[in-house]
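Chemist: Chains A and B, in that order, give the protein sequences. Using this note's numbering, read the first sequence as starting at 124 and increasing by one per residue. Using this note's numbering, read the second sequence as starting at 128 and increasing by one per residue. Supplied in structure tokens, the structure appears directly below.
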Amino acid sequence: MNMSDVLLAFESVEIRRGMGIVVSDFSLTISEGEVVVLRGENGCGKSTIIEAAARILPLEKGKVLHHQKVVIDSEGRRNTPNVPFGLTLQENGMVGSDTIAEHLSNMMSICKIKTNLAPVLKQYSLDHRVNDLISHLSGGQQRKVSVIAGLLPAMISKSARLILLDEPDAGLDDAAIHTLCEHITSLRLAGHSFLIATHDERILNCATRINDLKQDVEQTPPQGEVWQFPVVELTKSKNFIQNGFTYNFKTKSGFANNGIAGFLTLGILLSLVEPMELENLHGLKMGFALLPAFVAGLCGDPIVNLLRENRALDWWRANTAIPRAVVLPMVGGAVLTIISSYIFLENIEAIVVIVGSLSTLFCSLIIGFLQLTTNKLSRPQAVFIRLLTPILILPWSIVVTELTTYI
Amino acid sequence: MSGKIGIGFLGFGFLGIMSTLYLGLMWAPSVAIDAFESPAAQRIFYWHVPSAWAAFIAFAILFIGSALWFFKRSPTGWRLHVAGAEAGLATGLMTVWSGTIWGSAEWGTPWDWSDVRLNTFGLLTLLALFLVLGRRSQPDGIETRDTFSTFGLFGFVLVPFTYIATRIWVIRHPGPVVATGSGGSLQSDMSLVLLIGAISFTIFIIGHILTSMHITKLEQRVELLQNKIDRSD
């Protein structure tokens, strides 16, 4: 392994948070086999640097490179790194409805490698809970899973990987911190690199360099055993549609978020009119047949809502593309339209079902896009994004009119 | 100083708007009895058209401010964005509210979801509401300003769209009565009241924007001083 390869480089980076410049003219390079620990008082910008390295925060000036490739710069470019990296955010970035195995499997899928993680989980006393939901774990156990997910790309790769850990010690017991220090040392000796923000003296001792955001101080790290590379097999990574489908199918969030609204709309329509009363009102009948699917779509992308938990959205965005619900909204829209067509149109036309299905899909994708646009705000849930949903009513009414004429 | 000028404009504009309202309701000639379904309701047009005019000025200010912030990170640009959004909300609501009253009387329905012009204008007003409420729900910061200025830029695409819609997709909403390029279709007394209305609303909107920019500037100064106090503790 060529130890001179640079895995991470900050070039004259300036980052704002709120109205203030938190990090100014910051430069740092991390080569293979280095552990750089960021140290400083609260609010000095340690987490900001980690999140900029993970492409979560925009840069005011400068650029960040992974393996000599620009991954984010002040011009707004944001490129997916060629080499996967590990990330543990201050919030865990995990979805409570995933099991430990599923969350770690997601990380392995991003790395396109899979292995048996039982020995690692045993070291962190989590082997007996591998199939438990993350939401059922204690805060400390959840933190352990988040740390293991952060270390995974290095643990399962023979070539050098970059690992970003933001306060990994927060909430961990002494035994887990001891294990973490051992892993940092052994993975460093295997050529992997770390950028860690911490106040913990034990992790500080693992560093080859300590950086206070102004200057580097080199130190001699402890020696230990080189990481024993496990038996692995190659696997395909899932794309954002497959990941979205998995989340949607498993959590039924599409039904909870969109489907119920569609069925409620159908129920309300039925409470207002007798379908027989609409006999000659073809436009109204068509509108009623398509309305439940449209309303279901207006509820937005259920996966975007789901991933807002514990900054899972940022975790996915940093590592790969954000999962989106595509398949099930189409199925749900079709089911709702079949039922409402049967009730209001008294027959089921394929074209109406297709239009209903697509209206759910497009509406949920557009609302999801608007939700993602506001995600970098401090309080994305507090913003009144639904005020913009009427933009979809006019195109929908045009489609209803055209379809009525066509049929 | 700019605060006092703004308040002066606001007051003067307000008096003009009240005069327009009086002239429009009491003095301007009535339309022909067979010209509209509800001829008396047509008088609301002396309020509706100038307020729509003022709304377009406000939305233009919103666009300029958003662009200045987004591309130049200009603090004045952000103040213009905030002022444009607030003024756009106020005048947009005036327009929509007066339009729905007229629609109820003339069309028998306050709103027509199939009318492109109504919908794009309504959406612009909702965008202004989104920007005003959204900004108040977030702490001030670069992320907040970047996000909302992006929406401000996006929203302005709807302005030329609304303008074109006025001319192409006339479904229920009447076509333009001013700036038609053929001298218009109004009597001179009607035009005079409309002109007074347009000038009054323009003065009012300038006052609104100046005052709003002044308030935003003061808010930013307070925040700066608070931060200074925080750092000195």
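Idealized CB from N, CA, C, for every residue including glycine.
Taking the CB atoms as reference points, tell me whether L493/A and I508/A lie closer together than 8 Å.
Modeler: Here residue 493/A is taken as the residue at index 370 of the first sequence, counted from 1. Here residue 508/A is taken as the residue at index 385 of the first sequence, counted from 1. Yes, the Cβ-Cβ distance between L493/A and I508/A is below 8 Å.
Chemist: Within the same chain, show all residues whose beta-carbon is closer than 6 Å to that of S376/A, passing over the 5 residues directly before and after it, in chain order.
Modeler: Taking the first sequence and counting its residues from 1, the one referred to as residue 376/A is at position 253. Excluding positions up to five away in sequence, the list reads P425, L429.
Chemist: Give me whichever residues DSSP pairs with L188/A in a beta bridge.
Modeler: Taking the first sequence and counting its residues from 1, one reaches residue 188/A at position 65. DSSP lists A132/A, V193/A as partners of L188/A.
Chemist: How would you write the range of the beta strand (DSSP E) that T211/A sits in, first residue to last?
Modeler: Taking the first residue of the first sequence as position 1, residue 211/A is located at position 88. Where T211/A is concerned, the enclosing beta strand (DSSP E) stretches over 209 to 211.
Chemist: Taking the alpha helix (DSSP H) that F363/A belongs to, which residues open and close that run?
Modeler: Within the first sequence, the letter at position 240 stands for residue 363/A. Its alpha helix (DSSP H) spans residues 363 to 374.
Chemist: Short of 8 Å Cβ to Cβ, which residues in the stretch 478 to 497 of chain A face chain B?
Modeler: Result list: T496, T497.
Chemist: Which term fits P415/A, buried or exposed, when burial requires 16 or more other beta carbons within 10 angstroms of its beta carbon?
Modeler: As a first step, residue 415/A is located in the first sequence; it is residue number 292 there, counting from the start. By the 10 Å Cβ count, P415/A comes out buried.
Chemist: Could you spell out the range, first to last residue, of the beta strand (DSSP E) harbouring N334/A?
Modeler: Walking along the first sequence from the start, residue 334/A turns up at place 211. It spans 332 to 334 - the beta strand (DSSP E) in which N334/A sits, taken as one unbroken run.
Chemist: Please tell me whether P452/A and S487/A are closer than 8 Å, where the distance is taken between their beta carbons.
Modeler: Reading the first sequence from its first residue, position 329 is the one you call residue 452/A. Reading the first sequence from its first residue, position 364 is the one you call residue 487/A. In this structure, S487/A lies closer than 8 Å to P452/A by Cβ.
Chemist: Tell me which residue opens and which closes the beta strand (DSSP E) that S280/A is part of.
Modeler: Translated into positions along the first sequence, residue 280/A becomes position 157. Premise fails: S280/A is in no beta strand (DSSP E) and is neither H nor E.
Chemist: Quick check: what's the CA-CA separation for I144/A versus D267/B?
Modeler: What you label residue 144/A is simply residue 21 of the first sequence in a count that begins at 1. What you label residue 267/B is simply residue 140 of the second sequence in a count that begins at 1. Rounded to whole angstroms, I144/A to D267/B spans 14 Å at the Cα level.
Chemist: Can you tell me the Cβ-Cβ gap for L189/B and H208/B, rounded? I've got them flagged as a contact below 8 Å.
Modeler: On the second sequence, position 62 is the one that residue 189/B refers to. On the second sequence, position 81 is the one that residue 208/B refers to. With 8 Å as the limit, L189/B and H208/B qualify as a contact, their Cβ atoms being about 6 Å apart.
Chemist: Chain A partners of G268/B, CB-CB under 9 Å?
Modeler: Translated into positions along the second sequence, residue 268/B becomes position 141. Here the neighbours are R139, R140, G141, M142, G143, L500, S501.
Chemist: Can you give me the start and stop residues for the alpha helix (DSSP H) that D437/A sits inside?
Modeler: Within the first sequence, numbered from 1, the residue matching residue 437/A stands at position 314. Where D437/A is concerned, the enclosing alpha helix (DSSP H) stretches over 435 to 442.
Chemist: On the DSSP letters alone, give me the boundaries of the alpha helix (DSSP H) that T524/A sits inside.
Modeler: Taking the first residue of the first sequence as 1, we reach residue 524/A at position 401. Note, T524/A: alpha helix (DSSP H), 516 to 529.
Chemist: If the criterion is Cβ atoms closer than 8 Å, does the pair I461/A and I477/A meet it?
Modeler: As a working mapping, residue 461/A is identified with position 338 in the first sequence. As a working mapping, residue 477/A is identified with position 354 in the first sequence. Not in contact: I461/A and I477/A (Cβ atoms no closer than 8 Å).
Chemist: One question on the structure: do A420/A and T527/A come within less than 8 Å of each other, judged by their Cβ atoms?
Modeler: Position 297 of the first sequence, counting from 1, holds the residue named residue 420/A. Position 404 of the first sequence, counting from 1, holds the residue named residue 527/A. Ala is not the amino acid found at residue 420/A; the sequence shown has Gly there. In this structure, T527/A does not lie closer than 8 Å to G420/A by Cβ.
Chemist: Could you give the residue range of the alpha helix (DSSP H) that holds K199/B?
Modeler: Numbered from its first residue, the second sequence carries residue 199/B at position 72. Here the alpha helix (DSSP H) through K199/B covers 172 to 199.
Chemist: Taking one C-beta from the stretch 336 to 353 of chain A and one from the stretch 302 to 311 of chain A each time, how about it: are there three or more such pairs within less than 8 Å?
Modeler: Taking 8 Å as the limit for Cβ pairs, the verdict is that the stretch 302 to 311 of chain A does touch the stretch 336 to 353 of chain A.
Chemist: Compute the Euclidean distance between the alpha carbons of D250/A and I279/A, then round it to the nearest angstrom.
Modeler: Locating residue 250/A in the first sequence gives position 127, where the first residue counts as 1. Locating residue 279/A in the first sequence gives position 156, where the first residue counts as 1. Taking the straight line from one Cα to the other gives about 18 Å.
Chemist: Do you know how far the Cα of M409/A is from the Cα of W519/A?
Modeler: The count along the first sequence starts at 1 and reaches residue 519/A at position 396. The count along the first sequence starts at 1 and reaches residue 409/A at position 286. Straight-line Cα distance between these residues: approximately 11 Å.
Chemist: Give the interface partners of S197/A over in chain B, defined as CB-CB distance under 9 Å, in chain order.
Modeler: Residue 197/A sits at position 74 when you count from the first residue of the first sequence. By Cβ distance, chain B contributes nothing, its closest Cβ being about 11 Å from S197/A, past 9 Å.
Chemist: Buried or exposed for G367/A, going by 16 or more other Cβ atoms inside 10 Å?
Modeler: Position 244 of the first sequence, counting from 1, holds the residue named residue 367/A. Label assigned to G367/A: buried.
Chemist: Which of the three DSSP states, helix, strand or coil, is assigned to L511/A?
Modeler: Taking the first residue of the first sequence as 1, we reach residue 511/A at position 388. Helix at L511/A.
Chemist: Using the beta-carbon of each residue, which ones in chain A are nearer than 8 Å to S264/B?
Modeler: By one-based count along the second sequence, residue 264/B stands at place 137. Correct list: R502, A505, V506, F507.
Chemist: Roughly how many angstroms lie between the CA atoms of L137/B and S339/B, to the nearest whole one?
Modeler: Numbered from its first residue, the second sequence carries residue 137/B at position 10. Numbered from its first residue, the second sequence carries residue 339/B at position 212. Between L137/B and S339/B, the C-alpha separation is close to 11 Å.
Chemist: Whole alpha helix (DSSP H) runs in the stretch 227 to 309 of chain A with 4 or more residues, listed along the chain?
Modeler: Runs of the alpha helix (DSSP H) inside the stretch 227 to 309 of chain A: 241 to 246, 262 to 278.
Chemist: Check T203/A in the structure and name its three-state DSSP category.
Modeler: Position 80 of the first sequence, counted from the start, is the residue given in the question as residue 203/A. Looking at T203/A - three-state DSSP - the assignment turns out to be coil, as it is neither helix nor strand.
Chemist: Per DSSP, what are the beta-bridge partners of F317/A in this structure?
Modeler: Stepping through the first sequence from its first residue, residue 317/A is reached at position 194. Bridge partners of F317/A: V158/A, I286/A.
Chemist: For A457/A, I'd like the list of residues in its chain whose CB is within less than 6 Å of its CB, leaving aside the five on either flank, ordered along the chain.
Modeler: Counted from its first residue, the first sequence places residue 457/A at position 334. Same-chain partners within the cutoff: V476, S480.
Chemist: Candidates D255/A, F317/A, V523/A: which alpha carbon is nearest V270/A's?
Modeler: On the first sequence, position 147 is the one that residue 270/A refers to. Ranking the options by Cα distance to V270/A, first place goes to F317/A.
Chemist: Measuring straight from C-alpha to C-alpha, what distance separates G163/A and E157/A?
Modeler: Against the first sequence, residue 163/A aligns to sequence position 40. Against the first sequence, residue 157/A aligns to sequence position 34. Taking the straight line from one Cα to the other gives about 19 Å.
Chemist: Just the chain B side, please: which residues come within less than 7 Å of T211/A by C-beta, in chain order?
Modeler: Here residue 211/A refers to the residue found at position 88 of the first sequence. Within chain B, no residue comes near T211/A; the closest Cβ sits about 22 Å away, beyond 7 Å.
Chemist: Buried or exposed, going by whether 16 or more other CB atoms sit within 10 Å of the CB of G263/A?
Modeler: What you label residue 263/A is simply residue 140 of the first sequence in a count that begins at 1. Classification of G263/A: exposed, given that the 10 Å Cβ count is below 16.
Chemist: Kindly list, in the order they appear in chain B, the residues whose Cβ is closer than 9 Å to that of P513/A.
Modeler: Along the first sequence, read from residue 1 onward, the residue named residue 513/A stands at position 390. Per Cβ cutoff of 9 Å: W240, N246, G249, L250, L253.
Chemist: Report yes if the C-beta distance between S241/B and W174/B is below 8 Å; otherwise report no.
Modeler: Counting from 1 along the second sequence, the entry for residue 241/B is found at position 114. Counting from 1 along the second sequence, the entry for residue 174/B is found at position 47. Going by C-beta atoms, S241/B is not nearer than 8 Å to W174/B.
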